[in-house]
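Q: I'd like to ask you about the structure that follows.
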Amino acid sequence: MSSAASSADAGRGAVYDRGYRPYDGPRGRRGAATLALYKASMRRALGLRRPWRQKVAPFVLLGVVTIPAIVNVGIGYVTRDRFDGFQIITYREYVGVSSALLLFVALVAPDVMCPDRRHRVLPLMFARPLLGVDYVVAKVGSITTILFAFSFLPQVVLFVGNMLVSNSALDYVGDHLDVLWKVPLAVAVLSLYYATIGCALSSLTDRRIVAGASVIGLFLLTSISSSVIVGDSSVEGGGYGGLINVLAMPLHLRDVIFLGHIDPDSPLSGVAGGGLLALACYLVVLCTGAMVLWWRYRWVER
Amino acid sequence: MSNGPLLRLNGLTKRYPGVTALDDITLELPAGRIGLVGANGAGKSTLFRILLGLSHPTEGHVEVCGIDVARDPIGVRSRLGYMPEHDCLALDQTAADVVATFGELSGLPARAARQRASDILDLVGLDEARFRPIGGFSTGMRQRTKLAQALVGDPVLVLLDEPTAGLDPIGREEMLLLVDRLGSFGISVLMATHLLDDVQQVCDHVVMIDAGRLVVSGATDSLLERTGLVTIDVGRHTDELVAGLAQVGVVAVVVDGMVEATVEATVGDDTRMDLLRDVVAGLGLPLFRLSTRLTSLDEAFVRRSEELT
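If you want it as structure tokens, here you go:
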């Protein structure tokens, strides 16, 4: 080819049809598909690869749940040599301390669950090597993971802060080794519970607003009802009313994990076997949520 | 992949309360581009759901690529791509993200899925638009995105449910061209549609079902040829020809002033064509036209359906 022709061709450019290349690399099955859905749901919940508006809720939540820990530690550090009056919030109190977590569940669980049904994406997903149970595990798992991370991070801030405030960081760690399993366990109990409830309620509708309102409504309604029953001195055995408080159920277990018994200030403190009853109610709610999810996605394998 | 048929349906029956969606369908289909034709409610979508293992047959069994769907639905789904008729895409995500996610859901590693998503979107003509949210796509672009997500997992067989639905004539032609090209990539296609023209244009095998029953299954060309109709134009001497053909055992009727003879032989059988010519010559009639009549798939479908009933 002459150089003149070459330069003319270069000037014109060319469009190439790259055709189709078969894939002959590694290929996973159910586990890989479940992990992929888990990661996709995490990205969606955190607003990653989505417009900036979708990123606001998760990162505002992260700030809301973490800032009190930072402030506590900051005050504790600044005042550590001046007076002994300031007590940094305890790990137990910080588990489930913020209602922002509930708001987050009410926002994110519907956002992760409802569009799949509303946009009719489910048939596409289940045309992959994915079963209904895998779908539920991926969705609940993703929200549980985020809730766990957002609840656990402030605890890490508290722990590190307490180490700094104490006279000897190593002594502090040695004296608080139990925290290293109690905090993750209590946070996991709380995260799994709220995530399951959020997903179960969201699976019942394809409208996010309805699902979000249902989550908040369930928590509010049961906690208000419980307060009324417990606060009414004329009701015999009113302490049992604490068992219908869906919102506070994991907090009872948190107390059992940290204290070994129900908190004396809890409405269940006067109830015989209150800890076991709280555990039973917790499991009932969790199993009910799992059953709802199984029922909603069982058609996939029918 | 096994060397046997791509799809094997054996006595496939699916009954819902009060409705038989599929009624004792037995057939084997080779690899290639297969048209699944039937009116709305004929059972096409039910068949797709059974092939995907999302619905279990009441009776009979199904094999895809030699794998029993009832025993290993996950293994079957690993080899299939599926493009539903309805909208099924998250509108707030980009085409690249959606297709890559479905690639990962098909079992591909994340990096490979993103690479293939880019390649496939380029293949279906969405390379420029792949980073735009799907909510801003036209119907044609959404159909292409749906096709891309079906292809991203490198399926052996892709199930297309009404791929040209809602497309304008140009979009339809482009979609059919894409479907046509899939065969050359080694991907088999099972395309459900009620548009027989689409099937005639791109499919080399046709399966017709009506009210859940198998009407006919065969190569597209053979269905067109097997109509057995020959049109003979002898001017105004039609009645004489009909009588003459009857004497040699050929059933003939007059249609639009011309004799349309039904012969049992296939069109390519010169012996039968010679017989018709000889009858005309023997009667001393003028012969203006003697031609095989290739019916459309529409006619084949209607005729076979009538035969069944």
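Heads up: the sequence lines are chains A and B, in that order.
Heads up, the first sequence stops at 302 in the working numbering, and the numbers go up one at a time, no gaps.
Heads up, the second sequence stops at 1309 in the working numbering, and the numbers go up one at a time, no gaps.
Even glycine gets a Cβ: it sits at the ideal position worked out from N, Cα and C.
Note that the coordinates shown come from a computational prediction; the quantities given were computed from them, not determined experimentally.
Could you check if residue 128/A is buried or exposed, using at least 16 other CB atoms within 10 Å of its CB as the buried criterion?
A: Taking the first residue of the first sequence as 1, we reach residue 128/A at position 128. It counts as buried.
Q: Since residue 20/A meets chain B, which of its residues come closer than 7 Å, beta carbon to beta carbon?
A: Locating residue 20/A in the first sequence gives position 20, counting from the first residue. Those within 7 Å of residue 20/A in chain B are 1123 and 1185.
Q: What does the Cβ neighbour count give for residue 287/A, buried or exposed, with the cut at 16 atoms within 10 Å?
A: The residue you call residue 287/A lines up with position 287 of the first sequence. Classification for residue 287/A: exposed.
Q: Show which residues of chain A have a CB atom less than 7 Å away from the CB atom of residue 1088/B.
A: Sequence index remark: in the second sequence, residue 1088/B carries index 88 (1-based). In chain order: 119, 120, 121, 123 and 124.
Q: Closer than 7 Å, CB to CB, is residue 1148/B near chain A or not?
A: Numbered from 1 along the second sequence, position 148 holds the residue referred to as residue 1148/B. Cβ-Cβ to chain A under 7 Å: no for residue 1148/B.
Q: Kindly indicate which three-state DSSP category residue 1005/B falls into: helix, strand or coil?
A: Here residue 1005/B refers to the residue found at position 5 of the second sequence. Of the three classes helix, strand and coil, the one that applies to residue 1005/B here is coil, per DSSP.
Q: To be precise: take each residue of the region 1094 to 1106 of chain B, compare its Cβ to all Cβ atoms of chain A, and keep it if any distance is under 7 Å. Which residues remain?
A: Those would be 1097, 1101, 1102, 1104, 1105 and 1106, in chain order.
Q: Just how far apart, CA to CA, sit residue 195/A and residue 105/A?
A: What you label residue 195/A is simply residue 195 of the first sequence in a count that begins at 1. What you label residue 105/A is simply residue 105 of the first sequence in a count that begins at 1. Distance between the alpha carbons of residue 195/A and residue 105/A: 7 Å.
Q: Counting along the chain, where does the alpha helix (DSSP H) carrying residue 65/A start and finish?
A: For the purposes of this step, residue 65/A is taken as residue 65 along the first sequence, with counting starting at 1. Element bounds for residue 65/A: 52 to 78.
Q: Against residue 23/A, what residues of chain B qualify as contacts under a CB-to-CB distance less than 8 Å, listed in chain order?
A: Along the first sequence, one-based indexing puts residue 23/A at 23. Per Cβ cutoff of 8 Å: 1108, 1112, 1116, 1153 and 1154.
Q: So, helix, strand or coil for residue 1027/B, using DSSP?
A: In the second sequence, the residue the question calls residue 1027/B occupies position 27. It is a strand residue.
Q: Going straight from the alpha carbon of residue 1266/B to that of residue 1181/B, what length do you get?
A: Taking the second sequence and counting its residues from 1, one reaches residue 1266/B at position 266. Taking the second sequence and counting its residues from 1, one reaches residue 1181/B at position 181. Reliability fails at residue 1266/B, whose pLDDT of 41 lies under 50, so the model's placement of it is uncertain and the value that follows must be treated cautiously. Those two C-alpha atoms are separated by around 31 Å.
Q: Between the region 129 to 141 of chain A and chain B, which residues of the former have CB atoms less than 8 Å from a CB of the latter, in chain order?
A: Correct list: 129, 130 and 131.
Q: Against chain B, with Cβ distances strictly below 7 Å, would residue 47/A count as a contact?
A: In the first sequence, residue 47/A corresponds to position 47, counting from 1. False, the Cβ-Cβ gap to chain B never drops below 7 Å.
Q: Anything in chain A within Cβ reach of residue 1074/B, meaning under 7 Å, just list it in chain order.
A: Position 74 of the second sequence holds residue 1074/B. Those are 29, 30 and 129, listed as they occur along chain A.
Q: Can you pull the chain B residues whose beta carbon is under 7 Å from the beta carbon of residue 92/A, in chain order?
A: Taking the first residue of the first sequence as 1, we reach residue 92/A at position 92. Result: empty, since nearest Cβ-Cβ is about 39 Å, beyond 7 Å.
Q: In whole angstroms, what is the alpha-carbon distance linking residue 143/A and residue 41/A?
A: To locate residue 143/A, count along the first sequence from 1; it is residue 143. To locate residue 41/A, count along the first sequence from 1; it is residue 41. Approximately 8 Å between the Cα atoms of the pair.
Q: Does chain A have any CB closer than 7 Å to the CB of residue 1017/B?
A: Locating residue 1017/B in the second sequence gives position 17, where the first residue counts as 1. By this cut-off, residue 1017/B is not an interface position.
Q: Within 10 angstroms of its Cβ, does residue 1250/B collect 16 or more other Cβ (buried), or is it exposed?
A: Position 250 of the second sequence, counting from 1, holds the residue named residue 1250/B. When all chains shown are included, residue 1250/B counts as buried.
Q: Over the uninterrupted alpha helix (DSSP H) stretch that includes residue 175/A, give me the two end residues.
A: Here residue 175/A corresponds to residue number 175 of the first sequence, with the count starting at 1. Per DSSP, residue 175/A belongs to the alpha helix (DSSP H) from 169 to 175.
Q: Can you tell me the Cα-Cα spacing of residue 76/A and residue 149/A, whole angstroms?
A: Position 76 of the first sequence, counted from the first residue, corresponds to residue 76/A. Position 149 of the first sequence, counted from the first residue, corresponds to residue 149/A. Cα to Cα, the separation comes out at about 24 Å.
Q: Below 6 Å, is the gap between the Cβ of residue 185/A and the nearest heavy atom of the ligand MN?
A: Absence of the ligand MN is noted for the structure shown, with no ligands found whatsoever.
Q: Would you say residue 1154/B and residue 22/A are within 7 Å of each other, going by their C-beta atoms?
A: Here residue 1154/B refers to the residue found at position 154 when the second sequence is read from its first residue. Here residue 22/A refers to the residue found at position 22 when the first sequence is read from its first residue. Yes; because the gap between Cβ atoms is below 7 Å, this pair is in contact.
Q: Rounded to whole angstroms, what is the Cα-Cα separation between residue 1012/B and residue 1208/B?
A: Taking the second sequence and counting its residues from 1, one reaches residue 1012/B at position 12. Taking the second sequence and counting its residues from 1, one reaches residue 1208/B at position 208. Looking at the two C-alpha atoms, the distance is approximately 15 Å.
Q: Closest to residue 114/A by C-alpha separation, out of 32/A, 260/A, 214/A and 170/A, would be which residue?
A: For the purposes of this step, residue 114/A is taken as the residue at position 114 of the first sequence. Cα-wise, what sits closest to residue 114/A is 214/A.
Q: Determine the direct distance from the alpha carbon of residue 1039/B to that of residue 1236/B, and round the result to whole angstroms.
A: Within the second sequence, residue 1236/B is the residue found at index 236, counting from 1. Within the second sequence, residue 1039/B is the residue found at index 39, counting from 1. Going by the C-alpha atoms only, they are around 40 Å apart.
Q: Could you give the first and the last residue of the continuous beta strand (DSSP E) run that contains residue 1049/B?
A: Sequence index remark: in the second sequence, residue 1049/B carries index 49 (1-based). Here residue 1049/B belongs to no beta strand (DSSP E); instead the alpha helix (DSSP H) covers 1044 to 1051.
Q: Give me, in chain order, the residues of the same chain whose beta-carbon lies closer than 7 Å to that of residue 1052/B; leave out the 5 immediate sequence neighbours on both sides.
A: Indexing the second sequence from 1 puts residue 1052/B at position 52. Once the five neighbours on either side are set aside, the close Cβ partners of residue 1052/B are 1077, 1080 and 1082.
Q: Nearest to residue 1085/B by alpha carbon, out of 120/A, 60/A and 161/A?
A: Position 85 of the second sequence, counting from 1, holds the residue named residue 1085/B. Among 120/A, 60/A and 161/A, the Cα nearest to that of residue 1085/B belongs to 120/A.
Q: Please report the straight-line C-alpha distance between residue 270/A and residue 1069/B, rounded to a whole angstrom.
A: Taking the first sequence and counting its residues from 1, one reaches residue 270/A at position 270. Taking the second sequence and counting its residues from 1, one reaches residue 1069/B at position 69. For residue 270/A and residue 1069/B, the distance between alpha carbons rounds to 57 Å.
Q: Distance, Cα to Cα, residue 1277/B vs residue 1029/B?
A: Within the second sequence, the letter at position 277 stands for residue 1277/B. Within the second sequence, the letter at position 29 stands for residue 1029/B. Spanning the two alpha carbons is a distance of roughly 38 Å.
Q: Residue 1084/B versus chain A: which residues are under 8 Å apart at the beta carbon?
A: For the purposes of this step, residue 1084/B is taken as the residue at position 84 of the second sequence. Ordered by position in chain A, the residues that pass the 8 Å Cβ test against residue 1084/B are 120, 123 and 124.
Q: Which same chain residues end up closer than 8 Å to residue 130/A when comparing Cβ atoms and leaving out the 5 residues on each side of it in sequence?
A: In the first sequence, residue 130/A corresponds to position 130, counting from 1. If we look at residue 130/A and ignore the five residues flanking it on each side, its Cβ neighbours are 30, 33, 34 and 37.
Q: Starting from the beta carbon of residue 207/A, find every residue of chain B whose beta carbon is closer than 8 Å, and list them in chain order.
A: Within the first sequence, numbered from 1, the residue matching residue 207/A stands at position 207. In chain order: nothing, as chain B lies at least about 15 Å away.
Q: Once DSSP output is grouped into helix, strand and coil, what is the label at residue 127/A?
A: Within the first sequence, residue 127/A is the residue found at index 127, counting from 1. Note: residue 127/A maps to coil in three-state DSSP.
Q: Nearest to residue 207/A by CA position, among 51/A, 90/A and 118/A, is which residue?
A: For the purposes of this step, residue 207/A is identified with residue 207 of the first sequence, where counting begins at 1. Ranking 51/A, 90/A and 118/A by Cα distance to residue 207/A puts 118/A first.
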